[in-house]
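Undergrad:
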Amino acid sequence: HTGERPYDCARCGRSFGDSSQLARHRRTHTGERPYQCSQCGRRFTDGSQLVRHWKTHSGERPHRCPRC
1 HTGERPYDCA
11 RCGRSFGDSS
21 QLARHRRTHT
31 GERPYQCSQC
41 GRRFTDGSQL
51 VRHWKTHSGE
61 RPHRCPRC
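The opening residue of the sequence shown carries number 1 in the UniProt record's numbering; numbering runs sequentially from there.
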């Protein structure tokens with residue numbers, strides 16, 4: 001809660017509070033999407049995005065955004 005952001009992105013200079021946030025951010029530069037849906041093959045940069053996506057298959061979130 002100190003507001004300290006000691007982890008800096010070497011490509012754009014953006015800073016983060018912990019190393020996992022920096023690792024996730026780096027994927028915006030590399031295009032890496034290591035998390036893949038086993039049902040449809042769609043890939044994501046973050047595990048939480050995949051978990052949210054799974055809900056479209058399970059029926060918890062059956063409605064898709066018309067923009068996405």
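Every residue gets a Cβ at the ideal spot worked out from N, C-alpha and C, and that includes glycine. These numbers come from a predicted model, not from an experiment.
Need the endpoints of the alpha helix (DSSP H) that Gly59 sits in, please.
TA: As a working mapping, residue 59 is identified with position 59 in the sequence shown. Per DSSP, Gly59 belongs to no alpha helix (DSSP H) and is neither H nor E.
Undergrad: Whose C-alpha, out of Gly59, Phe16, Arg33, is nearest the C-alpha of Gln49?
TA: Taking the first residue of the sequence shown as 1, we reach residue 49 at position 49. For the residues Gly59, Phe16, Arg33, the minimum Cα distance to Gln49 belongs to Arg33.
Undergrad: Leaving out five residues on either side along the sequence, give the residues of the same chain with a beta carbon under 8 Å from the beta carbon of Arg14.
TA: As a first step, residue 14 must be located in the sequence shown, where it is residue number 14. These residues qualify, in order along the chain: Asp8, His25.
Undergrad: When DSSP labels each residue in this structure, what does Arg52 get in the three-state scheme?
TA: Taking the first residue of the sequence shown as position 1, residue 52 is located at position 52. DSSP places Arg52 in helix when its eight states are reduced to three.
Undergrad: So which of Tyr35, Arg61, Arg52 has the shortest CA-CA distance to Thr45?
TA: For the purposes of this step, residue 45 is identified with residue 45 of the sequence shown, where counting begins at 1. Distances from the alpha-carbon of Thr45 to those of Tyr35, Arg61, Arg52 put Tyr35 closest.
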